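Beneath this line is the structure, given in structure tokens, with notes to follow.
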Amino acid sequence: MSKDIRIKKGLDIKLVGEAKQVTTELPIGSVYAIKPEDFHGVIPKILAKEGTEVKAGQALFHAKSDERILFPSPVSGKITEITRGARRKVLEIKITADSNQAFEDFGKKDVAAMSGEEVKKHLFAAGCWPFIKQRPYDVVANPNQAPKAIFVSAYASAPLAADYDYTLKGKEAELQVALTALTKLTDGKVHVSVGSNSSPLATTKGVEVHKVSGPHPVGNVSTQIAQIDPINKGEVVWVVTPQDLVVIGELLLTGKFNAKRTIALTGSKFKTPQYVTALPGANIAEVVKGNLDTDNTRVISGNVLSGLEVGEKGFIGFYDNQITAIPEGNDYELFGWNKPVFNKISTSRAFTFSWLNPKKKYDLNTNTNGEHRAFVVTGSYEEVFPLDIYPMQLLKACMYKDLDEMEGLGAYEVAPEDFALTEFICVSKQPHQKIVREGLDLMREELG
Amino acid sequence: MGLKQNLHNLKEKYKGTKMAPAFNAIHTFLYLPNETTHNGTHIKAADDLKRTMNIVIMALVPCLIFGMFNAGYQHHVATGEAERAMSFFSGNFWNLDNLWIGIVKILPLVIVSYVVGLAVEFIFAVIKGHEVEEGYLVTGMLVPLIVPVDLPLWMLAVAVVFGVVIGKEVFGGTGMNILNPALTIRAFLFFAYPTWMSGDKVWVQGAVESIGKADAISGETILGSLAQSQPLSYSVSDMFFGFIPGSVGETSTFLILLGALFLIFTKIGSWRIMLSSVIGALVMGFIFNQVVDFGWIGETSKFYGLMSLDFWKHLLIGGFAFGAVYMATDPVSASQTNKGKWIYGFLIGFVSIMIRVFNPAYPEGVMLAILLMNVFAPTIDHYVVQGNVKRRLKRAKVKTA
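If you're matching them up, the sequences are chains A and B in order. For what it's worth, UniProt numbering labels the leading residue of the first sequence as 1, then goes sequentially. For what it's worth, UniProt numbering labels the leading residue of the second sequence as 1, then goes sequentially.
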């Protein structure tokens, strides 16, 4: 009973610097860092103090709200530094990696014979719970709630995104085991969406496989949820990314927490955009060594729409499987506001000519192409926003903090990343994702 | 490099001071600023508000130029110095004599509108410490196009100050206003100086001065004469191409149509509003035609002249086309939902023609119709959005049932 999902609204942003399908195995680097900020809404309680030796998979901290939720170290090594910011907020936990990796052994499991509670406990213990995120609010899942369904999107439509069909190749066994484990966690269904039949997930059993096609944001899991089984008030769904499924699968098969994943190096500032294997938390400079043009470059962990600016000295985000490097746009452009534009993307035709050549790949920089303004133009967001939600009205509700209205307009169904395209095309240059994030945080605080 | 660097240094020097918005407003006209994105999307589409507004201004320029020629042409025709133009490219219309009168009369209107309006915007931006928003760029161009040729400049200045302050800034500036600022200015003129604005003299240059003289000329618009049940004295092609008296830029339906196509093609103007207001106007006009056909209104009725006008001709005369294309589509004061835009536009067309026929004092309805619907646009949106909210609630109920 699979359902094909086709959307028409949206926008594919075609950029220069797509990763070539070549993977380089990288050696274990020297310094790693885990940033509690990657786990939005989690207040960390440190378990491993500075100077402690940790194995890969051993917990670094747990969530203040629920001490069962452990956050693992991706590598084995020594905790050298815990950086704190204002009000002693933990910013980074830095780990110096051992040259020989030691893994914490959590034991092999036979998933088919496990109950839901057992699976849950095992995921808690091995630090795999943070891989499960929930809607509403787009945060690490609350284990006390029962999800009505679990969604996995194995089709990435974001600009220059890592191709799941390529990065997951050969991981069929792990994926199958992990998905079987997920089916134990919900009374509802586990939905997996794939871009094509050649996806390693296309033939998995015990789950609903959906084929999706259309422009970005069809790969965003919110878009798929809205098409398959929309979230209503009071309902919860869980979301797992395919690269994290592999980690869960390997844990169940071998007993080891091995977070190694294939990461795409993309963007015009890479000399040869390609794939590498690395662990989350790895130092960017080590991962991109010799491949990156560092002159006036924006280095992003994640994609250009929702990724985080980390800089060359930063670290790969816990959930990210992509590093993007694009030129900074910190220069003035003479009469840039009225002359015809051929080298930038636009959805209008206001002397912008990207509509002439929809296949062309662009080398965009980080210039805002204009200043921040009040919302003026109407009707353009709807063209790139495939959900049955009024985007501008919801944004405004978030801005004036009307909880009832946010609820009514469908804030439960969205994550900040769903507003990336409307933010991209916004002529008023409003920070949509930030507005939605703050709105969701407020709802979470007030309504739970 | 020199200019760019110097301006950059100046910008850094005055950063954070009171005058920074005023400087930046001018600076950003020369250079697209060097601002980069912070977290959120790291790349942005090419369009900004300046570009959007600029497209609307470009769509207005043909109307302005035509309006200049037409100002002179109407004057010369009225005084008997020129022959009626026979085709769109007639030399009787496109000549320097006509243009000269247009330049003398209309350029000052444009300049006063921009100088006064932008001054108010700059003052508010400096006081409130925000950037100068681009909203007035279009308003400042619209205003000279919707006033009569012979409007005294001081009246325009007073009206612009009123319109920008009361119509826009008190609501919080661009993007927050309820009423279309250009129409607020126009309405202020209409209500504050009714003898000027509703008379039959101001529409043709020189008509006012000629009052009481032997060679007095008429400055009557088509609507004015129709309202007095006089027969239509202009051909359809005159009305379509715009060789008729009227406000500066509103006469040429042909150029407005080209402007509309341009706005729709660039995806700046809402085709939904334009189309639905035309439909609304046709429906109302058609209803009035039927009323006349059934004999409910006799030739003696004071409404007969406008009511019996063929329904499609309503689109060609007066300011309807201009209003529907350039004023009703103002995204801030219009409905903001796509479904709402259909309703909003239809009602504008419908009410425009109704007011046009029934208003004895001033036979043009599009201004009042748009202002009225501006007020109702949030209500329309509210019900459209509530529809979405209800649909979502219903979905939840089906699940639990």
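All C-beta atoms, glycine included, are put in the ideal place defined by N, C-alpha and C. Quick caveat, the model's predicted, so the values are computed rather than measured.
Contacts between A/Lys233 and chain B, judged by CB atoms closer than 7 Å, involve Ala396 in chain order. For A/Pro391, same chain residues with a beta-carbon under 6 Å away, outside a window of 5 residues either side, are Tyr381, Phe385, Thr422 in chain order. Here B/Ile43 really is in contact with A/Phe424; their C-beta atoms are around 7 Å apart, less than 8 Å. Following the DSSP letters along the chain, one finds A/Arg135 inside the beta strand (DSSP E) bounded by residues 133-135.
By the rule that beta-carbons nearer than 8 Å mark a contact, B/Phe265 touches chain A. By the neighbour-count definition (other C-beta atoms within 10 Å, threshold 16), A/Asp105 is an exposed residue.
For A/Thr272, no alpha helix (DSSP H) segment is defined, and its DSSP state is neither H nor E.
Neighbours of B/Met176 in chain A, taken as residues at a C-beta separation under 7 Å, are given in chain order as Ala374. With a threshold of 8 Å between beta carbons, B/Ala125 makes no contact with chain A.
Under the three-state reduction of DSSP output, A/Leu160 falls in the coil class, being neither helix nor strand. Interface flag for A/Tyr275 against chain B is unset, since no Cβ pair is found closer than 8 Å. Restricting attention to A/Pro159, A/Leu279, A/Asp295, the CA atom closest to the CA of A/Gly317 is found in A/Leu279. Going by DSSP, A/Ser73 is part of no beta strand (DSSP E) at all; its letter is neither H nor E. Listed along chain A are Tyr390, Gln393, Leu409, each with a C-beta nearer than 8 Å to that of B/Val385. B/Leu309 has its alpha-carbon roughly 21 Å from the corresponding atom of B/Ser247.
The C-beta of B/Leu30 comes closer than 8 Å to at least one C-beta of chain A. Considering only A/Trp355, A/His372, A/Gly249, the residue with the shortest C-alpha distance to A/Asp110 is A/Gly249. In its chain, beyond the 5 residues on either side, Ala59, Leu60, Phe61, His62 have a beta carbon closer than 7 Å to the beta carbon of A/Leu47. Within its own chain, no residue has a Cβ closer than 7 Å to the Cβ of B/Gly91 once the five positions on either side in sequence are excluded.
Contact of A/Phe385 with chain B is not assigned, every C-beta pair being separated by 8 Å or more. By the 16-neighbour rule on beta-carbons within 10 angstroms, A/Lys256 is buried. Minimum Cα-Cα distance from B/Tyr31 among the listed residues A/Lys260, A/Gly370, A/Glu312 corresponds to A/Gly370. Interface with chain A (8 Å Cβ-Cβ cutoff): B/Ile43 is included. Judged by pairs of C-beta atoms under 8 Å, the stretch 436-443 of chain A does not touch the stretch 320-331 of chain A, as fewer than three such pairs exist. In this structure A/Tyr400 does not touch A/Ile231 by the C-beta definition: roughly 23 Å separates them, more than the 8 Å allowed. Per DSSP, reduced to three states, the secondary structure at B/Asp310 is coil, with no helix or strand assignment. Close CB contacts of A/Ala178 within its chain, under the 6 Å cut and outside five residues either way in sequence, are with Leu245, Ile248, Gly249 (chain order).
Contact with chain B is found for A/Ile425, since one of that chain's Cβ atoms lies less than 8 Å from the residue's Cβ. Annotation: B/Leu145 to B/Pro108 spans about 12 Å, alpha carbon to alpha carbon.
Contacts with chain B at 8 Å (Cβ-Cβ) do not include A/Ser301.
Less than 8 Å separates the beta-carbon of A/His210 from that of A/Ile228. When rounded, the separation of the alpha-carbon atoms in B/Thr184 and B/Gly163 is 5 Å.
By the C-beta criterion, the stretch 279-291 of chain A is judged to be in contact with the stretch 301-317 of chain A, since at least 3 inter-stretch pairs fall below 8 Å.
Annotation: the continuous alpha helix (DSSP H) that includes A/Gln224 extends over 221-228. For the options A/Tyr332, A/Gly267, A/Ile82, A/Leu168, the alpha carbon positioned closest to that of A/Lys361 is the one of A/Gly267. Its chain contains Phe346, Gly349 as the residues whose beta carbon lies nearer than 7 Å to that of B/Ile279, once the 5 sequence neighbours on both sides are disregarded; these appear in chain order.
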